[in-house]
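Structure first, commentary second.
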Amino acid sequence: MFKSDMTKRDILRYTGDFSQLFGVRDIILNNGSAKGMRALEINNGAGLSLTVLADRALDIASLAWRGDNLSYTSRAGLVAPQYYQAEGSNFLRSFTAGFLTTCGLRNVGPACEDQGESFGLHGRIAHVPAEDVRAGVVWHDDRPFIEIAGQVREARLFGEHLVLSRKITIPCGENRLMIDDTVENLAFQVKRCNCFITSIWVIRCWMSLPNSGCLSARRCPVMRQLNLAWLPAVGFSHRLPGLRNRPFTMIWLSLVRIKRLPHWSIRRSTSVWPSDLTKLS
94 MFKSDMTKRD ILRYTGDFSQ LFGVRDIILN NGSAKGMRAL EINNGAGLSL TVLADRALDI
154 ASLAWRGDNL SYTSRAGLVA PQYYQAEGSN FLRSFTAGFL TTCGLRNVGP ACEDQGESFG
214 LHGRIAHVPA EDVRAGVVWH DDRPFIEIAG QVREARLFGE HLVLSRKITI PCGENRLMID
274 DTVENLAFQV KRCNCFITSI WVIRCWMSLP NSGCLSARRC PVMRQLNLAW LPAVGFSHRL
334 PGLRNRPFTM IWLSLVRIKR LPHWSIRRST SVWPSDLTKL S
């Protein structure tokens, strides 16, 4: 297994190509509803492997650490963006979940109508293919990093023009990854922007202020029982942070390390999500 303290010259002494130890494979999926979708398979040489969907907003469809799965796959499975249905709750027909799913950019939560415009469940951005995708190994101070970057655009004529710039950085030989997101409004009107990332273990993440009027995760009663585990039950009604239709303030948090992160609380049968990622420690 690759050691993080090895220099480029050290690696070349023992290998014919860096791909023996770490790298990115650019692939096209060719089965069922995923047919034709571009994906990036990443191996960082330390046991961290993940699949990033270039045609689905650079979301992370799966992640494993030394062979142990740390992501959730819904019964919908991998679904190419052309099968997306925006109306009502049809988002769930192509909701893979995975390790990272981006919601927004203009709305999150239940489908609704606002000022005569209809909004589907959790917005459109998760089904938009990324532009200018760059994927490969870069070197900083003689250390290898895998970088995935691109832009995801939500735009229409006479309407919104929002661009999500995403960069995923995975240090080779280590058990961590960093995700940097920037949302830019390129329209001439001020647009309300709601962005929510579900099911994710990250170094940097967006959170809502606890006193800003949003029902944030830390204020949700079920979140006070993080040390408990539940068996799946048929018909269980789940809770989502931020279901109330109110404006809220976003802040930027830069955390040193997150070992445990509570997920969307679902206790319905076939829908148990992992909530303890201590295997990464």
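For what it's worth, the numbering used here labels the leading residue of the sequence shown as 94, then goes sequentially.
Glycine included, every Cβ here is placed at the ideal spot set by N, Cα and C.
Could you spell out where the alpha helix (DSSP H) holding LYS101 opens and where it closes?
101-107
Check the C-beta distance from SER142 over to GLY170 and give it rounded, since I have them as a contact under 8 Å.
Incorrect: roughly 19 Å between the Cβ atoms, too far for contact.
Contact belief for ALA179 with MET130 at Cβ below 8 Å, rounded distance in angstroms
No, ALA179 and MET130 are not in contact; Cβ-Cβ is about 18 Å, not under 8 Å.
To the nearest angstrom, how far is the alpha carbon of GLU253 from that of GLU224?
Approximately 17 Å, taken between the alpha carbons.
At least 3 beta-carbon pairs within less than 8 Å: the region 181-200 vs the region 154-170:
With three or more CB-CB distances shorter than 8 Å, the region 181-200 counts as touching the region 154-170.
Count the other C-beta atoms from every protein chain shown that fall within 10 angstroms of the C-beta of SER347, then say buried if there are 16 or more, exposed otherwise.
Its pLDDT being 43, under 50, SER347 is placed unreliably by the model, and nothing is read from it.
Please classify PHE95: does DSSP put it in a helix, a strand, or coil?
coil
Any idea if ILE120 is buried or exposed, counting beta-carbon neighbours within 10 angstroms, 16 or more meaning buried?
With fewer than 16 other Cβ atoms inside 10 Å of its own Cβ, ILE120 counts as exposed.
Inter-residue Cα distance where the pair is VAL231 and VAL145
Rounded to the nearest angstrom, the two C-alpha atoms are 18 Å apart.
How close, in whole Å, do the beta carbons of LEU257 and VAL276 come, if the pair is a contact with beta carbons under 8 Å?
Sure, about 5 Å apart at Cβ, within 8 Å.
Nearest-angstrom Cα distance between SER112 and GLN282?
46 Å
In the DSSP assignment, the beta strand (DSSP E) including THR262 goes from what residue to what residue?
254-264
CB of GLY181 within 9 Å of CB of GLY229, strictly:
no
For ASN137, the nearest candidate out of ASP273, LEU163, ASP274, ASN268 (CA to CA):
Of the listed residues, the one whose Cα sits closest to ASN137 is ASN268.
Along the chain, where does the beta strand (DSSP E) containing PRO237 start, and where does it finish?
236-248
Beta-carbon proximity of ALA147 to ALA219, cut-off 9 Å
no
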